[in-house]
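Sequential numbering of the sequence shown, starting at 83, is according to my numbering. Using N, Cα and C, we set each Cβ at its ideal position, and we do this for glycine too. This report concerns only the one structure given below.
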Amino acid sequence: MKIWLSTSCKQVAVEPPLVNFQGTNNNTLNLEPFFRRKDKVVFVMGATGTGKSRLAIDLATRFPAEIINSDKIQVYKGLKVLTNKVTEKECRGVPHHLLGIADPNSNFTVADFRRHASSAINSIIVGKRRLPILAGGSNSFIESLVEEEPEFRYRYDCCFLWVDVSLPILNSFVSERVDRMLENGLVNEVRNLFDPNGLGNDYGRGIRRAIGVPELDAFLRAEMDSTTDDKARSRILKAAILKIKENTIKLACRQQQKIHRLQNKWRGWNNFHRIDATEVFLQLDNGEDYSSDNAWETLVVEPSFMIIDQFLSKNSFKLTKKVFNAVF
């Protein structure tokens with residue numbers, strides 16, 4: 083896969099190794115025709131609210147790339163506000179895959195993700211000669227793709243970008259983000275999904291697993307109960323909002339712990355990079371969108387760009403499986 087991306091980055095010519103076979107004539111066999119360059123794949127990881135989607139889009143506007151969603155809730159149709167799906171404007175013309183494709187009442191499994199993501203990666207590389215960037219908070223999806231999809235590591239050279247924010251700082255931002263979601267219609271969005279008869283409210287299935295849906299159940303039931311007065315409903319709603327914030331913060335903590343585990347697990351890979359965005363969040367004023375702040379560009383986007391630029395300039399080779407098995 084050849085991607086010419088930057089005039090400031092020299093292409094490095096890497097010669098495939100020669101394998102010596104001691105025969106009667108002591109010839110050296112050049113296996114160059116049997117070596118192929120590994121295709122490149124980038125992963126943008128991080129806890130909820132750290133700006134993974136924004137960074138993926140920022141990078142995709144600088145490289146010929148397309149984005150594959152790796153969030154297990156954003157894969158479902160609906161609940162755009164609650165699941166914080168990127169808008170058409172925020173996409174800035176960058177194609178997105180696996181975003182809002184699954185029936186909200188279905189169960190989109192890890193195996194489903196591996197199958198769909200592998201197909202998307204192949205179509206982006208082979209069909210469009212572009213760079214696949216996987217972005218999302220479901221680290222179990224990423225781990226499964228990298229480790230369980232047959233021949234994934236054999237076929238692809240991977241680069242991992244971890245957008246990290248100190249948890250105390252992130253927790254405050256996440257709480258404020260829930261407030262903004264409420265202003266943008268979160269409750270009404272969940273209300274439209276709610277089944278008053280309770281028959282379709284399976285909170286362990288599909289999009290109803292999203293944080294914010296089960297927490298609002300008691301309020302939506304109180305809303306329909308004529309014996310519950312407005313003061314009681316208001317109290318129930320406040321408790322639900324507090325629970326949404328608490329559970330979102332817990333999710334961020336679990337996600338960060340999982341990334342730490344993967345970092346240690348994949349320590350042998352040189353292409354695992356932590357991008358510290360804490361200072362960006364510290365500079366926020368009055369809930370200003372971090373993506374518009376100069377600090378985001380300087381501390382997050384530019385270092386990430388340099389990492390990916392260097393990653394793409396390096397060639398990694400693989401020996402075709404048929405020849406590898408025959409020779410070794």
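Apart from the 5 residues on each side of it in sequence, LEU268 sits with its Cβ closer than 6 Å to the Cβ of VAL163, LEU164 in its chain, given in chain order.
In this structure, LEU161 places its C-beta atom within 7 Å of the C-beta atom of ILE289. When DSSP reads this structure, MET306 sits in no beta bridge, so it has no partner. Taking all protein chains shown into account, ASP239 has 16 or more neighbouring C-beta atoms within 10 Å of its C-beta and is therefore buried. Of the other Cβ atoms in all chains shown, 16 or more fall within 10 Å of the Cβ of GLN156; this residue is therefore buried. Under the three-state reduction of DSSP output, ASN151 falls in the strand class.
Around the beta carbon of THR330, a 10 Å sphere encloses 16 or more other beta carbons of the protein chains shown; the residue is thus reported as buried. Residue ranges of uninterrupted alpha helix (DSSP H) with 4 or more members, entirely inside the region 197 to 235 and ordered along the chain, are 221 to 230. Taking C-beta separations shorter than 7 Å and ignoring five residues to either side along the sequence, the partners of LEU141 in its chain run ALA147, ILE215, SER386, PHE387, ILE390, following chain order. Nearest in C-alpha terms to PHE363, of all of VAL245, SER152, GLU305, LEU302, is VAL245. When DSSP states are grouped into helix, strand and coil, LEU243 belongs to the strand group. A Cβ-Cβ distance of about 25 Å is found for the pair VAL192 and ILE139, leaving them out of contact under the 8 Å criterion. Taking C-beta separations shorter than 7 Å and ignoring five residues to either side along the sequence, the partners of PHE234 in its chain run LEU227, VAL228, following chain order.
Per the DSSP secondary-structure output, ARG356 pairs in a beta bridge with TRP244. Under the three-state reduction of DSSP, ARG118 is assigned to strand.
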